[in-house]
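**Q**
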Amino acid sequence: MISRVNKHCSVELQALPQRIGQVRRIVSAQLRYWHLDPLIDPAALGVTELLTNVHQHAGPDKSCTVEITLVLDRLTVSVRDRDPRVPRVTAADGAGVHGRGLALVAALSADWGVQRRADGGKSVWFTLRVPAAADPWQEGVGGAGAVFEPEADPLVLGEADVAAPALALGRAREHLPA
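Written out as structure tokens, the structure reads:
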């Protein structure tokens, strides 16, 4: 029997440049809350790359959902969008600017992949191993009771959050049980 409760957080957004920075800060704050500081940089970099791909390559609908889930010793970060096209790793162009996002995600993660969805969209995900020294299951702030159920109460960033990212971060924390 598994005695630890899984941890989960979800953010719905439009993959626009100003939103990408906000979500990166929200993911960083959530991982700090879960005592997973060593995973902040790779998770923030990976989610930035995945959201940038949605911004650059998804059709006119830039709606997407970022989910971070901790199960045992694995953190999974996924970005779900409505575009049916599956991304692929490509060699960087001559300027080294385009085509490196998924290669970077592959390099920083333990595993990654793409899953087609029944609604016609896709989910691109990557996993990071939780370092042995980290203890996201400790009691107290972010302890075993901290669970976010996205189906029950998703966090949706609105236009006002562009001007006040600290408010958006505060709203994200409001959704987490104390």
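Everything in the sequence shown is counted per this note's numbering, starting at 22 for the first residue and increasing by one. Where a beta carbon is used, it is the ideal one built from N, C-alpha and C, also for glycine. These figures come from a predicted structure and were not determined experimentally.
Keeping to the same chain, check which residues put their C-beta closer than 6 Å to that of D82; ignore five residues upstream and five downstream.
**A** Position 61 of the sequence shown holds residue 82. Contacts found: R103.
**Q** Would you kindly check if the distance between the Cβ of L149 and the Cβ of A36 is under 8 Å?
**A** Counted from its first residue, the sequence shown places residue 36 at position 15. Counted from its first residue, the sequence shown places residue 149 at position 128. In this structure, L149 does not lie closer than 8 Å to A36 by Cβ.
**Q** Answer with buried or exposed for A167, where buried requires no fewer than 16 other C-beta atoms within 10 angstroms of its C-beta.
**A** In the sequence shown, counting from the first residue as 1, residue 167 sits at position 146. Because A167 carries a pLDDT of 36, less than 50, the predicted location of this residue cannot be relied on, and the following value inherits that uncertainty. Classification for A167: buried.
**Q** Among the residues of its own chain, which have a CB less than 6 Å from the CB of E170, if the five just before and after it don't count?
**A** Translated into the one-based positions of the sequence shown, residue 170 becomes position 149. Note that E170 scores a pLDDT of 33, beneath 50, so its modelled location is shaky; the value from the coordinates is reported in the next line. Nothing meets the Cβ criterion.
**Q** State the Cα-Cα distance for the pair S130 and L66, rounded to the nearest angstrom.
**A** By one-based count along the sequence shown, residue 130 stands at place 109. By one-based count along the sequence shown, residue 66 stands at place 45. The alpha-carbon atoms of S130 and L66 are separated by roughly 11 Å.
**Q** Figure out for me which residue from R137, F147, Y54 has the closest Cα to the Cα of A128.
**A** Counting from one through the sequence shown, the residue named residue 128 turns up at place 107. When each option's Cα is compared against that of A128, the closest is F147.
**Q** Is the beta carbon of V32 less than 8 Å from the beta carbon of V87?
**A** Within the sequence shown, residue 32 is the residue found at index 11, counting from 1. Within the sequence shown, residue 87 is the residue found at index 66, counting from 1. Yes. Within cutoff.
**Q** Below 8 Å, how does it come out for the region 89-108 and the region 131-147: are there three or more Cβ pairs, yes or no?
**A** Counting Cβ pairs under 8 Å, three or more are found: they touch.
**Q** Of the residues Q39, W55, S49, V135, which one's Cα is nearest the Cα of N27?
**A** In the sequence shown, the residue the question calls residue 27 occupies position 6. Closest by alpha carbon: W55.
**Q** Relative to the alpha-carbon of P105, which residue among V48, R40, Q136 has its alpha-carbon at the smallest distance?
**A** One-based indexing of the sequence shown puts residue 105 at position 84. For P105, the nearest C-alpha among the options comes from Q136.
**Q** Evaluate Q51 with the Cβ neighbour count: other Cβ atoms within 10 Å of its Cβ, from every protein chain shown; 16 or more gives buried, anything less gives exposed.
**A** On the sequence shown, residue 51 is found 30 positions in, with the first residue counted as 1. Q51 comes out buried.
**Q** For E70, collect the residues of the same chain with a Cβ closer than 8 Å to its Cβ; drop the 5 residues on either side in sequence, then sort them by chain order.
**A** Counting from one through the sequence shown, the residue named residue 70 turns up at place 49. G122, L123, L125, V126, listed in sequence order.
**Q** Is G134 helix, strand or coil by DSSP?
**A** Along the sequence shown, one-based indexing puts residue 134 at 113. In this structure, G134 counts as strand in the three-state DSSP scheme.
**Q** Can you tell me the Cα-Cα spacing of H76 and D94, whole angstroms?
**A** One-based indexing of the sequence shown puts residue 76 at position 55. One-based indexing of the sequence shown puts residue 94 at position 73. About 30 Å.
**Q** Enumerated in chain order, which unbroken segments of the alpha helix (DSSP H) with a length of 4 residues or greater are wholly contained in the region 70-111?
**A** Those alpha helix (DSSP H) runs which fall completely within the region 70-111 and span 4+ residues do not exist here.
**Q** Determine the DSSP secondary structure at I41, reduced to helix, strand or coil.
**A** Residue numbering aside, residue 41 sits at position 20 when the sequence shown is read from its first letter. Of the three classes helix, strand and coil, the one that applies to I41 here is helix, per DSSP.
**Q** Over what stretch of residues does the alpha helix (DSSP H) that includes V151 continue unbroken?
**A** Start at 1 with the first residue of the sequence shown, and residue 151 comes out as number 130. Run containing V151: none; DSSP gives neither H nor E here.
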